[in-house]
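In the UniProt record's numbering, the protein residues as written are 1 to 557. From the three backbone atoms N, C-alpha and C, an ideal C-beta is built for every residue, glycine too. All values reported here derive from a predicted model rather than from experimental measurement. Working notes, beginning with the structure itself.
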């Protein structure tokens, strides 16, 4: 019998940025790495979140031994509350802050009592089924982030996502290069690594450079300072607090998720502040503007986030005015550029000074650039590499980089995968051997999976050309038109200004129904509906070169 192989499958996160979720399987034991969400593209109309597709796991829930979470960002923990019941409630392993942020999500979904969480300590091995797992510290834009080294019967797998080599991080804890070098000496079989900044030469700047930029802003800003960042970017919140305390300002936290995450981080000791630094909204009026700093959500232009509401004069506690300095301490996620620019324009119109963009150095990436990627390859020297957390171009460029520096003997050992690619590994063997069924699972409001690709396609069609409803009443015995047709337009034409087109559409329907074959044949409502849809669609395209969604409503009387 051939030696059993290690099976690795991305259910999300490969060839895309977000919804990270990997399946590691050996024999009857499965461990899941991360379980995150992706934010919808601009054409995913009405969709709130996109989840990984767990179809592959539905018949294997008894084999899932645990979920290992690397850190507390939404693209790594956000799908846990939505999917954990369908996964059979396996235990969730993570560091203290990661589990603290996750526990809040579980409470919101009333799942806190049903999920077993296990706090892990870096460099202390623990057993999950057949797998021996070691967590090691990595620097990122949130404290308590780790990578995983997983010892399997087939060899050593290293999962290294969302990391950089920051030697002066905000929490004072750089990436554990000593441990990574030690893992390299154990000849890893496969490395799964983040590659999203492979296009950037050199090294990713340290978080310390953001602190310097903040100090310059706090030293010169004439009025209030408003800093927008991700609610989960705990390190950035700490930098605002540090600068505020250095320049005699009080700090107010704005936005529900910002307040919640900061509260958890304070309770667990990952945020530090003088007890008099943090103030509540109603206390701001007691201080002059040049003694106030506000940290808020909304760096991605989200409609209901604090910054967008401030820019639209809709936030109850903060009204933007001349003299305010607004700092966007984040890079727009691809697809969010338009909404972010709209917020910036609105802030300028209200008289604020807005500081944003790479030149301002008010944000640095949490991901490794080329020289850092090369160093990790040199330390680990894996037999096979699977790059992810990047678009397809990033995967291709990473393969080229890994081959150029001689990290692998040939480019075939850098596997370019997409969602659902089934890989198998054993010493001397590493290939894509199949494809698991994966697709986009949409969260719309409180429902998961009710909105599918067909619904999203309908929404795109409605957004493009609108719809036309045609209402008719027919005699149930003869099929003759009794009343109507009445036509209602939404998003297609303004009816008061298009009377001629509407009347011509009604005449088209009358003509189509008048050609019924034989008055004694039974009435087929489905046939009449289809006929109305076909003739109206054809007529409207001929007249307007547009294809609205035509919805016939046929009533029998």
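{"query": "Apart from the five residues just before and just after residue 432, which ones in its own chain have a Cβ nearer than 8 Å to its Cβ?", "result": "415, 417, 421, 422, 423"}
{"query": "What do you reckon, are the CB atoms on residue 440 and residue 162 nearer than 9 Å?", "result": "no"}
{"query": "List, from N- to C-terminal side, the alpha helix (DSSP H) runs of 4 residues or more that fit wholly inside the region 59-83.", "result": "74-77, 80-83"}
{"query": "By Cβ distance, which residues of its chain are closer than 7 Å to residue 143, with the 5 residues on each side in sequence left out?", "result": "97, 171, 234, 235, 270"}
{"query": "Drop a sphere of 10 angstroms on the beta-carbon of residue 372, count the other beta-carbons inside from all chains shown, and report buried for 16 or more, exposed for fewer.", "result": "buried"}
{"query": "Residue 308 to residue 529, Cα distance in whole Å?", "result": "45 Å"}
{"query": "Within its chain, find whatever has a CB closer than 7 Å to the CB of residue 274; leave out the 5 residues flanking it on each side and keep chain order.", "result": "245"}
{"query": "Which of the three DSSP states is assigned to residue 34 in this structure?", "result": "coil"}
{"query": "Using only the alpha-carbon positions, how far apart do residue 60 and residue 230 sit?", "result": "35 Å"}
{"query": "Assign residue 198 to one of three DSSP states: helix, strand, or coil.", "result": "coil"}
{"query": "Is residue 354 closer than 9 Å to residue 386 when the C-beta atoms are compared?", "result": "no"}
{"query": "From the DSSP output, which residues share a beta bridge with residue 434?", "result": "422"}
{"query": "Helix, strand or coil for residue 517 per DSSP?", "result": "Here residue 517 scores only 46 on pLDDT, less than 50, and its place in the model should not be relied on; the value that follows carries that caveat. If DSSP states are grouped into helix, strand and coil, residue 517 belongs with coil."}
{"query": "Any contact of the region 319-333 with the region 218-229, i.e. 3+ C-beta pairs under 8 Å?", "result": "yes"}
{"query": "Leaving out five residues before and five after residue 531 in sequence, what residues of the same chain have Cβ atoms less than 7 Å from its Cβ?", "result": "512"}
{"query": "Decide if residue 434 is buried, meaning its Cβ has at least 16 other Cβ atoms within 10 Å, or exposed.", "result": "exposed"}
{"query": "Just the Cα atoms here: how many angstroms apart are residue 474 and residue 535?", "result": "17 Å"}
{"query": "From residue 122 to residue 320, what distance separates their C-alpha atoms?", "result": "44 Å"}
{"query": "Determine the DSSP secondary structure at residue 136, reduced to helix, strand or coil.", "result": "strand"}
{"query": "Excluding the five sequence neighbours on either side, which residues of its own chain have a C-beta within less than 7 Å of the C-beta of residue 506, listed in chain order?", "result": "485, 487"}
{"query": "At what residues does the beta strand (DSSP E) containing residue 583 begin and finish?", "result": "Nothing in the structure corresponds to residue 583, since the chain is present only between 1 and 557."}
{"query": "Kindly confirm or deny that the region 108-119 and the region 85-97 touch, where touching means at least three C-beta pairs closer than 8 Å.", "result": "yes"}
{"query": "Of the residues 131, 168, 164, which one's Cα is nearest the Cα of residue 155?", "result": "131"}
{"query": "Please confirm if the region 464-483 is in contact with the region 544-552, defined as three or more CB-CB distances below 8 Å between the two stretches.", "result": "yes"}
{"query": "When burial is assigned at 16 or more other CB atoms within 10 Å of the CB, is residue 476 buried or exposed?", "result": "exposed"}
{"query": "Which class does residue 215 belong to by DSSP, given the choice of helix, strand or coil?", "result": "helix"}
{"query": "What is the DSSP secondary structure of residue 338, counted as helix, strand or coil?", "result": "helix"}
{"query": "Pull up the DSSP beta-bridge partners for residue 151, would you.", "result": "132, 156"}
{"query": "Determine, using beta carbons only, whether residue 558 and residue 197 come nearer to each other than 9 Å.", "result": "Given that the chain is displayed from residue 1 to residue 557, the structure contains no residue 558 and the question cannot be resolved."}
{"query": "Distance, Cα to Cα, residue 49 vs residue 56?", "result": "20 Å"}
{"query": "Within its chain, find whatever has a CB closer than 8 Å to the CB of residue 251; leave out the 5 residues flanking it on each side and keep chain order.", "result": "240, 241, 244, 273, 277, 278, 279, 293, 294, 295"}
{"query": "Within the continuous alpha helix (DSSP H) that includes residue 527, where are the two ends?", "result": "525-544"}
{"query": "The alpha helix (DSSP H) spanning residue 469 covers which residue range?", "result": "That residue, residue 469, is in no alpha helix (DSSP H); its beta strand (DSSP E) goes 467-474."}
{"query": "With 16 as the cutoff for other CB atoms within 10 Å, does residue 313 come out buried or exposed?", "result": "exposed"}
{"query": "Could you tell me whether the Cβ atoms of residue 204 and residue 366 are closer together than 9 Å?", "result": "yes"}
{"query": "Find out if the Cβ-Cβ distance for the pair residue 11, residue 68 is shorter than 9 Å.", "result": "no"}
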